[in-house]
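First the structure, in the form of C-alpha cells, and then the observations on it.
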Amino acid sequence: MVELVALRKTNEVAAYVRASMDRKGDRWTVDTQLRKIRALAEAKDWNVVEVYEDNAVSATKKRRAGTRWAEMLDDARAGRFSMVVAVDMDRLLRSTKDLNTLIYLGLRVVTVDGEIDLSTADGEFRATMLAALARFEARRKAERQIRSNERRRFEGIPTSAWKAFGWTREGELIPEEADAVRRAFAAFLGEPSLSIRRIREDLNGAGHLTARGSEFSVDAVRYLLANPLYAGYIKHYASGELYPVQGDAFPPIVGEQTWRAAVAKLEDNVRRSARQGNQPKYLLSTIGLCGKCGATLVSGTNSRKQPTYRCGEQFHLTRQREPVDAMVTEAVLTRLSSVDVHNLVMPQEDDGPDHEELLTERNALVERVKELSPLLRDIHQPVLEITVAINDVKARIDEIDAELVDRSVSVAAKLLADVDEPVGTAERREVVEAKWKTLDVDRRRMLVDELVTVTIEPIAPGHVKFDPDLIRIEPRRD
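Heads up: the sequence shown runs through residues 1 to 478, numbered per the UniProt record's numbering.
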C-alpha cells in the first residue's frame with residue numbers, strides 16, 4: 001500500500017549521495033557522485049530540488065532521525081519531489097527495509113545506470129535483489145573488518161583508520177602533539193587538577209586539532225585521557241582486554257601508571273557526577289557556609305530571577321550572588337597581596353617523592369584494588385591471598401594519603417611563585433588582580449577554599465537591603 005503524500009511534480013527530483021568514509025576530508029567521493037547525478041538530470045531536463053548528502057556514513061550504521069536520509073523521506077511525504085536519483089543502488093539502499101520505505105512512499109528510483117520502476121513486479125523484484133545484495137556486501141564487509149581488527153590487535157597494530165593525535169598515520173611521534181598529550185595528562189592528574197573543560201581550552205588555544213581535523217571537545221579530551229594507545233596498548237573495547245603495541249611504531253607517550261591513574265580519575269569523576277550532579281560553577285557553591293546551620297551553600301535564583309546563594313539544607317537564607325562574590329574576591333585579592341601571605345602559602349622544601357608521583361601511584365593502586373576485588377567472588381581463586389594483597393595495597397594508599405596531606409602544595413603559592421613586586425604595595429595588588437582575572441572558576445574556588453572561610457548569616461525579619469556585615473569572611477590560617 002502506497003502512503004498518501006502531497007501532490008508531486010513529475011520533473012522534481014532528489015539527489016542522494018553517500019560515502020562510507022572521508023578520511024582526507026576532501027569530499028572527493030560524494031562530489032564525484034553528485035557530478036554524475038547532475039549530468040543525468042540535465043540530460044533528462046529534471047530539476048534537482050535538493051541534494052541529500054550523508055558523507056562519512058558507513059553502510060553498516062542505522063539511518064536514524066537527524067540523517068539526511070531521514071530528511072529526504074520527510075520531504076518526500078511533503079510532495080517536494082517524485083523521484084530519487086543516485087549513482088547506484090548500493091549508495092541509495094542498504095537493506096530491503098530501505099527499499100520498502102521508498103515503495104511505500106510511491107517514489108520512482110533512478111540510478112545513473114537506469115531507472116527501476118517500483119510500481120511494477122519486475123522493478124520491485126530487481127530492486128529487492130539489489131537491496132539484498134547491498135545488505136550482504138555490507139554485512140560481509142563488517143565481518144571482514146572485525147576479523148582484520150582482531151588480527152591487528154594480536155599483532156600489536158592499532159585498529160583505527162584515523163590518525164591518532166600525537167603520531168603520524170605511520171606511527172611516528174609528532175613532538176609538539178606528544179608534548180601536548182603529556183601536558184594534558186599532567187594537568188588532569190596534577191595538584192591542583194585542571195578540569196577537562198580547561199584542558200580543552202588549552203589544547204584549542206595552542207592551535208591543536210583532533211585526528212579528524214576539528215577543535216577539541218570535552219568528549220575528545222576524555223577520549224584522549226582514556227586512550228590506552230598513549231601508554232603503549234591497544235584495547236579490545238568489547239572485552240576490555242589490552243594488547244601491547246609491537247615494533248617501533250606508536251611509541252608510548254606517557255607511562256602505564258599515568259594512563260591508569262587518568263582512567264581511574266575519569267571513572268571516579270563519572271561516579272561523583274552521578275551522585276552529586278553537575279560540578280559547582282560558582283565561586284561559593286559547596287564552599288560557603290550557612291551561618292545558622294553550617295550547611296554549605298548552593299546556587300539558585302530569587303523571585304526576581306536574580307542569581308543567589310542559599311542554604312543547601314533548609315530555607316535559612318538567600319543572598320544575591322554578585323555582591324557576595326565581589327566581597328569574597330576583594331578579600332582574597334587583599335590576602336594574596338598582604339604582608340604575611342607569602343610565608344603562609346609557600347610550600348616547604350621537600351627531598352621526598354614528587355607530589356604528582358605520589359598522586360599517580362595512589363591512583364594506580366586504587367585501580368589495582370578494583371581489579372582484585374571481583375576475584376573474591378570467584379570460588380576458584382585463592383581468596384586468602386587476594387584479601388592479603390588487597391589489604392597491602394590499601395595500606396600503601398593510606399600511607400600516601402597521609403604524606404599528601406602533610407605535603408599538600410598550596411594553590412596560592414603557585415599563583416604567587418613569579419610575583420616579584422613587594423608585599424603590601426599597589427604594584428603587587430595590580431599583578432595579583434591581573435592573575436586572578438586569567439583563572440577559571442575551578443582555580444578561583446580553590447584559592448577561596450584555601451585562604452578564607454565564608455559564612456553568610458541570616459537577615460533579620462523585615463530587613464530587605466543587602467547588608468555586608470552579614471557576610472563573614474575569616475582567614476583560614478594565620
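We put the CB at the ideal spot given by N, CA and C, even for glycine. Just so it is clear, the structure is predicted and the values come from calculations on it, not from any experiment.
The closest CA to that of residue 398, considering only 359, 415 and 382, is found on 359. Annotation for residue 295: 311, 312 and 313 place their beta carbon closer than 6 Å to its own, counting only its chain and skipping 5 residues before and after. The C-beta separation of residue 87 from residue 102 comes to about 16 Å, leaving the pair out of contact by the 8 Å criterion. Looking at 41, 109, 39 and 16, the one whose alpha-carbon comes closest to that of residue 72 is 16. Residue 285 counts as buried, since no fewer than 16 other beta carbons sit within 10 angstroms of its beta carbon. Excluding five sequence positions before and after residue 250, the CB atoms of its chain that fall closer than 8 Å to its own CB belong to 158, 164, 167, 171, 229 and 232, given in chain order.
Residue environment for residue 424: exposed (fewer than 16 other C-beta atoms within 10 angstroms of its C-beta). Cβ contact annotation for residue 440 (same chain, cutoff 6 Å, sequence separation greater than five): 198, in chain order. For residue 54, the enclosing beta strand (DSSP E) begins and ends at 47-54. DSSP, read as helix, strand or coil, puts residue 414 in helix.
Assignment of residue 12 by DSSP, reduced to helix, strand and coil, places it in the strand class. DSSP places residue 226 in the helix class (H, G or I) of the three-state scheme. Considered as a whole, the stretch 175-204 harbours 175-189 as its complete alpha helix (DSSP H) runs of no fewer than 4 residues, in chain order. Beta-bridge partners assigned by DSSP to residue 235: 242.
Residue 181 holds the alpha-carbon nearest to the alpha-carbon of residue 225 among 181, 215 and 452. If you draw a straight line from the Cα of residue 48 to the Cα of residue 95, it is about 25 Å long. By a beta-carbon distance limit of 8 Å, residue 264 contacts residue 366. Their separation comes to about 5 Å. Out of 89, 188 and 128, the CA that lies nearest to the CA of residue 111 is found in 89.
In the DSSP assignment, residue 318 falls within the unbroken beta strand (DSSP E) covering 318-320. Take residue 456, set aside five residues on each side of it, and the residues of its chain with a beta-carbon closer than 8 Å to its own are 288, 289, 290, 291, 297, 309, 317, 319, 324, 470, 471 and 472, in chain order. The beta carbon of residue 46 sits closer than 6 Å to the beta carbons of 11 and 13 from its chain, once the five residues preceding and following it are set aside; these are given in chain order. With respect to the 8 Å criterion, residue 68 and residue 54 are classified as neighbours on the basis of their beta carbons. Closest option to residue 191, judged by alpha-carbon separation, among 448, 443 and 451: 443. In the DSSP assignment, residue 86 falls within the unbroken beta strand (DSSP E) covering 83-86. Here DSSP, grouped into helix, strand and coil, assigns residue 471 to strand. Per DSSP, the unbroken alpha helix (DSSP H) holding residue 104 starts and ends at 96-104.
Taking the Cα positions, residue 436 is about 57 Å away from residue 80. If the five residues before and after residue 173 are omitted, its C-beta is found closer than 8 Å to the C-beta atoms of 166, 167, 251 and 253, all from its own chain and listed in chain order. For residue 451, the enclosing alpha helix (DSSP H) begins and ends at 441-451. Ranking 293, 208, 109 and 195 by CA distance to the CA of residue 175 puts 208 first.
Beta-bridge partners assigned by DSSP to residue 167: 173.
Between the C-alpha atoms of residue 216 and residue 196 there is a straight-line separation of about 11 Å. Distance between residue 332 and residue 392, taken at the CA atoms: about 42 Å. According to the DSSP assignment, residue 73 belongs to no beta strand (DSSP E) but to the alpha helix (DSSP H) extending over 68-77.
For residue 298, the enclosing beta strand (DSSP E) stretches over residues 297-301. Judged by DSSP in its simplified three-state form, residue 80 adopts coil rather than helix or strand.
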